[in-house]
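Structure follows, in structure tokens:
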């Protein structure tokens, strides 16, 4: 096997992505659940805003937030805590003895799940827009794409960092993922402008890439809302996200290595049913 | 003898459920987790409301929303809990087939596992309500609680949810790992259509028709009337069930519980037979 | 020549997560081992002896508490990346992979973690599937396979990457005679087909170790008790004779171990057939008469009697002191 490190790891990403892609084709029931059901929570929050006569952009905020939850849930359940399940099934040790970067395994999971996740997010957006008659501005498509991509990279980098914790965890993994669902929705301002939390709380929450990413996307989709509901200017948020990108990817590499070594020292790396 | 056997199954399943829920960490961490999670969920709604009302929470609607959201935890946790039991046992611990072939009634086992979910969720609901009352000014006065209505509604409603969970559990036999979407979906349907966080009168007409068919709609109404009798009277506009008396609400709830009993057991039996026929009791679908 | 595996003073202690969960466990205790390149090396030991712990250390899944381990000349602790390029592992009863994928897809997926080119991977997979009689199953979903078929697939998964060194942890566990034979024959052929291929095999099946292995180490309680070629190991019990008696069901077997000339005694009850199997390692052949008399005194009847040459099982019993597995 004299191929380069890069080629080996790219093939590993492809290999691990494959079951996800094939799974989405072979078990099609996800289509119904992932397309229609996330709309329910979004609808509930949208109706609340309608009932309390919130400005119309708030319904758009909810729809955007609902779309983004797809990615966060993918990271929590289909990437980070998936390592725990792989341990229980017996695949983890086979991944770990292979001569590949751990980030490749996680990247493969992420890439493989992106198809389903993207469908879920897109469906939430499109159906939400149609259902509630939302109008979004597309005046800065380039910026929208840039913000989205940078947010995703930094978010998945953060996800890889989390995943390193899961190498060690037993059943705490499932509960940690549970604990990181709604509190993160709250802290990130998933369904309301994050500046409502106050400056310092919002600043603290900005460590989660989704906070600033969502805020920036909202300001771009609703250009007139920035001054009243935006947290920081879009360019500032983009810059911070770029820094988070680099930071999380770098941190995840070291945290994966550290956690793996800790797991090997304590013997918990392959210990099932903890 | 059959009854004592069922009781033993129920008890052992509940014990197992408790172990699964709680023994992954020490009691202190578990207590924190049990408190933080429900409160965080409620705070999303709180902040959504505060942004629009500029910090005002002393309104009937805020209490309406807060109370509904707190009790909705039962719906989400029990429905999720039942489907998760089957999914977890089948896919991760691969013990489902051993439990299934044991000489017990499988739905008794499910009820036992779900009972613990209810018990733990009760603490979460109590903590959330306490937080709401003490910190956010939610309108609940212990002296004014209509205990008869509240307790009756609570018991009948929880039984109904448990029974619905059984049907979902059966469906889980037949779905792949992303069948977790089922419980999210069904719980989501109730969240939108059952007056959990807003009166059903906000919904379009066709949706309100569906709302009137869902037991959780009556449950939510009955719980609020029992817990805070003056609240519903002071809510602007109709909740959608204002024409029902307390007795009428409770009777409708009870009737829907009976109806769902028959529906759920039929669904469960069908799903059980189909799963056995197709060899899905011990299939794994993880990817 | 550089050994395939070298282990020096290897110790592994497992501490409980919390003190109240119990005492620490020493799974490996100052183990020294050397496996030459090209060897088919066996590791025999009862449950909890430390076999899997040793394999986990060598396959870079676990760090030793003390001592050193080298695989293909690379330190498992520091140079784990180099080690991983050269190894693979198969466990008995493994349920790796994804039930949703076909056999071929599952195998292909694992080849990608070793950076294998598509064309090479697919060709090798097809060849090995044919070799194991699974060619007609290649497009079947993994979850439809029987236990034996699944384990054959697992074995293919381990060997398809053509490792220098492969760790096999009870690869024929729970398999029927035919499936086991196919796997064993494959292992032998694989080692012989190319120079410097090494196998470290753990097993409970004495016959399997005896047949397959160039050398065998016996491990118990984390220590290597003996390590040699099978013939030399058997010589350890050459001075002793073994006697095997099948008698009608015996309730009381207490006196047998204290009879003169009996070095070691084990027994096994077969409630279904209402008989007891007695096995003796004798230092003095004259003990046979006394044993037979004792059986008669206890009111049992002898159904069969067999005097045997020492086997690996006898060596195992002598070293480890435990009965039939």
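Residue numbers (the numbering used here), protein chains in the order written: chain A, 774 to 1047; chain B, 10 to 296; chain C, 10 to 334. All C-beta atoms in this analysis are idealised placements derived from N, C-alpha and C, irrespective of residue type, glycine included. On a predicted model such as this, the values are computed, not experimentally measured, just so you know.
Could you name the residues of the region 37 to 51 of chain B whose beta carbon sits closer than 8 Å to any beta carbon of chain A, in the order they occur along the chain?
42, 45, 46, 49, 50
Beta carbon proximity, residue 774 of chain A to chain B, threshold 8 Å:
The predicted model places residue 774 of chain A with a pLDDT of 44, which falls under 50 and marks its position as unreliable, so this point remains unresolved.
Check your understanding: Are any of the Cβ atoms in chain A nearer than 8 Å to that of residue 137 of chain C?
Key -> no
Find out if the Cβ-Cβ distance for the pair residue 237 of chain B, residue 76 of chain B is shorter than 8 Å. It is a contact, given that the beta carbons lie within the stated cut-off.
Report the rounded CA-to-CA distance for residue 869 of chain A versus residue 1012 of chain A, giving the unit in angstroms. 35 Å
* **Coil, strand or helix - residue 1018 of chain A by DSSP** => helix
Span separating the alpha-carbon of residue 840 of chain A from that of residue 804 of chain A
15 Å
Original post:
So the alpha helix (DSSP H) residue 281 of chain B belongs to, where does it begin and stop?
Top reply: 255 to 287
**Request:** Excluding the 5 residues preceding and the 5 following residue 996 of chain A in the sequence, name in chain order all residues of the same chain whose CB lies nearer than 6 Å to its CB.
**Result:** 910
message: Using a 10 Å radius around the Cβ and a threshold of 16 neighbouring Cβ atoms, would you call residue 201 of chain C buried or exposed?
response: exposed
Task: Status (buried if at least 16 other CB within 10 Å, exposed otherwise) for residue 143 of chain B - done: Per the 10 Å Cβ criterion, exposed.
Quiz item: When the Cα of residue 156 of chain C is compared with those of C:102, C:169, C:191, C:128, which residue comes out closest?
Solution: Selection C:102, C:169, C:191, C:128 evaluated against residue 156 of chain C yields C:102 as nearest (Cα-Cα).
- Task: Per DSSP, which residues does residue 335 of chain C bridge with? Please list them.
- Result: The structure shown does not extend to residue 335 of chain C, since chain C is modelled only from 10 to 334, so the question has no answer here.
Q. Is there at least one Cβ from chain A nearer than 8 Å to residue 103 of chain C's Cβ?
A. Yes, residue 103 of chain C lies at the interface with chain A (some Cβ there is under 8 Å from its Cβ).
Where the region 933 to 947 of chain A meets chain C: residues whose CB sits under 7 Å from a CB there: none
Taking only runs of the alpha helix (DSSP H) that begin and end inside the region 101 to 181 of chain C, which ones reach a length of at least 4 residues, in chain order? 112 to 121, 127 to 140, 156 to 168
Just mark residue 38 of chain B as buried or exposed, buried being the case when its beta carbon has 16 or more other beta carbons within 10 Å. Here residue 38 of chain B is exposed, its C-beta having fewer than 16 other C-beta atoms within 10 Å.
Report the option in B:112, B:20, B:207 whose CA atom is closest to the CA atom of residue 81 of chain B.
-> B:207
Against chain A, with Cβ distances strictly below 8 Å, would residue 16 of chain C count as a contact? Interface residue (Cβ-Cβ distance to chain A less than 8 Å): residue 16 of chain C is not classified as such.
Kindly indicate which three-state DSSP category residue 871 of chain A falls into: helix, strand or coil? coil
For this session: Could you run through the region 111 to 122 of chain C and flag, in chain order, every residue whose CB is less than 8 Å away from some CB of chain A?
Result: 114, 117, 118, 119, 120, 121, 122
(message) List, in chain order, every chain C residue whose beta-carbon is nearer than 8 Å to that of residue 794 of chain A.
(response) Under the 8 Å cutoff, chain C gives no residues; its nearest Cβ is about 11 Å from residue 794 of chain A.
Mind checking residue 14 of chain B: buried by the 16 CB within 10 Å criterion, or exposed?
So residue 14 of chain B ends up on the exposed side.
*According to the Cβ coordinates, are residue 111 of chain C and residue 148 of chain C closer than 8 Å?*
yes
Checklist entry - Between the region 295 to 307 of chain C and the region 258 to 268 of chain C, do at least 3 Cβ pairs fall closer than 8 Å? => result yes
Note down the Cα distance separating residue 952 of chain A from residue 834 of chain A, rounded to an integer number of angstroms.
-> 23 Å
ask   = Which first and last residues belong to the beta strand (DSSP E) in which residue 50 of chain C is found?
value = 49 to 53
Checklist entry - Do you know whose CA, among C:322, C:229, C:256, C:316, lies nearest residue 310 of chain C's CA? => result C:256
- Item | Per-residue burial, residue 216 of chain C [other beta carbons within 10 Å of its own, 16 or more giving buried] | By the neighbour-count rule (16 or more Cβ atoms within 10 Å), residue 216 of chain C is not buried but exposed.
Problem - Burial state of residue 136 of chain C (16 or more Cβ within 10 Å) - result: exposed
Buried or exposed: which applies to residue 1014 of chain A, given that a residue is buried once 16 or more other Cβ atoms fall within 10 Å of its Cβ? By the 16-neighbour rule on beta-carbons within 10 angstroms, residue 1014 of chain A is buried.
Use the C-beta contact count for residue 57 of chain C: other C-beta atoms within 10 angstroms, 16 or more gives buried, fewer gives exposed.
-> exposed
inquiry  = Let me check understanding here. Comparing Cα to Cα, which of C:315, C:59, C:108, C:24 lies closest to residue 800 of chain A?
reply    = For residue 800 of chain A, the nearest C-alpha among the options comes from C:108.
Please list, in chain order, all residues of the same chain as residue 289 of chain B whose beta carbon is under 7 Å from its beta carbon, the five residues on each side excluded.
182, 183
Quiz prompt | Stretch-stretch touch, CB-based, cutoff 8 Å, three pairs: the region 55 to 73 of chain C with the region 848 to 859 of chain A | solution = No, the region 55 to 73 of chain C is not in contact with the region 848 to 859 of chain A.
message: Please state whether the Cβ-Cβ distance between residue 937 of chain A and residue 1032 of chain A is less than 8 Å.
response: yes
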